[in-house]
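Set out below in structure tokens:
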């Protein structure tokens, strides 16, 4: 018996290698998934979700470290249970902005709200440290404010993260990814500020009072408004009125109100209003230089700055 075996080879009618054909099919499937499904959005959401969770944990860590340092400071001041003290401040000191659709007198309304809030914070600090001096209470107020900022930012970022994740809004998550690195840099600066205020060390805002103290080290300090004093000196044939925060605690005083009151007392017999303040430098610029400009150099939400500007217009200074 003879066995005959035939080797038959199935030919590819297209003339294309099967491996190449399989690769071509996979590529087309991938293109279809990328163009006609929401797979790219799912991938973005998954990737950015991990990034935001990491950044959010960084913010939470900064807030917890700041709280720990603040609690240690409160214990040094004799407060046995500092936790409820910080919680009582953080949860009850937000500010509702005035109505902006009616711009008439908005600055005065904002100034009133800020002062009412400041008075509330001072009363809170006084109730915690009734026997402490004013400087310690003012520094405590700033430390509590720092805790409020870090807690508030953490809650807001967490809100938008959870909202974006819940609604699968990759654009909202993308905005968080972009803004969080710069935001964390700012929050790190807030955290580092606790130690100077705890020890009573001057910070950048002390540049103005430092200039006044150097120009008039022994001059009498006359109180003109809350937390604000002025001195009078003669300099190169001119009478100079030097306004500064009363200090030595963490307060900037009310320089705008002081300028307005002093100008009224002098019946606008002033030739120039000069403000001195620490300024932020742009990235790449040298720090520690002195620069001159035009305008009211003051970090303020508006009321104090506009008071200086209005006085300058009224008195032609």
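Numbering (my numbering), first residue to last: 594 to 910.
Glycine included, C-beta positions come from ideal geometry on N, C-alpha and C.
Exposed unless 16 or more other CB atoms sit within 10 angstroms - verdict on residue i
| i | result |
| --- | --- |
| residue 766 | buried |
| residue 973 | Absent from the structure is residue 973, since the part of the chain shown begins at 594 and ends at 910. |
| residue 625 | exposed |
| residue 821 | buried |
| residue 590 | Outside the displayed range of the chain (594 to 910) lies residue 590, so it cannot be described from this structure. |
| residue 898 | buried |
| residue 850 | buried |
| residue 730 | buried |
| residue 740 | buried |
| residue 687 | exposed |
| residue 671 | exposed |
| residue 861 | exposed |
Length of the line joining the Cα atoms of residue i and residue j
| i | j | result |
| --- | --- | --- |
| residue 887 | residue 864 | 15 Å |
| residue 749 | residue 875 | 27 Å |
| residue 900 | residue 840 | 21 Å |
| residue 637 | residue 646 | 14 Å |
| residue 846 | residue 801 | 12 Å |
| residue 837 | residue 803 | 9 Å |
| residue 832 | residue 859 | 12 Å |
| residue 702 | residue 691 | 7 Å |
| residue 738 | residue 659 | 11 Å |
| residue 917 | residue 622 | An answer regarding residue 917 cannot be provided, because it is not within the stretch 594 to 910 covered by the chain. |
| residue 878 | residue 884 | 12 Å |
| residue 599 | residue 617 | With a pLDDT of only 46 at residue 599, under 50, the local geometry of the prediction cannot be trusted, and no value is derived from it. |
| residue 910 | residue 806 | 24 Å |
| residue 673 | residue 680 | 14 Å |
| residue 853 | residue 811 | 25 Å |
| residue 844 | residue 732 | 8 Å |
| residue 643 | residue 746 | 19 Å |
Unbroken beta strand (DSSP E) run spanning residue i, endpoints
| i | result |
| --- | --- |
| residue 827 | 821-828 |
| residue 816 | 815-818 |
Beta-ladder partner(s) of residue i, from DSSP
| i | result |
| --- | --- |
| residue 833 | 826 |
| residue 838 | 821 |
N-terminal and C-terminal residue of the alpha helix (DSSP H) that residue i is part of
| i | result |
| --- | --- |
| residue 687 | Element bounds for residue 687: n/a, residue is neither H nor E. |
| residue 650 | 632-669 |
| residue 738 | 727-759 |
| residue 800 | 800-808 |
| residue 792 | 787-792 |
| residue 711 | 699-721 |
| residue 903 | 896-908 |
| residue 614 | 611-629 |
| residue 850 | 848-858 |
| residue 680 | 675-683 |
Review point. Is it true that the stretch 823-831 meets the stretch 708-715, where meeting means three or more beta-carbon pairs spaced less than 8 Å apart?
Key: Segments in contact, no.
Review point. Does the stretch 754-765 come within contact of the stretch 776-795, defined as at least 3 CB pairs closer than 8 Å?
Key: In this structure the stretch 754-765 does not touch the stretch 776-795; the number of beta carbon pairs closer than 8 Å is below three.
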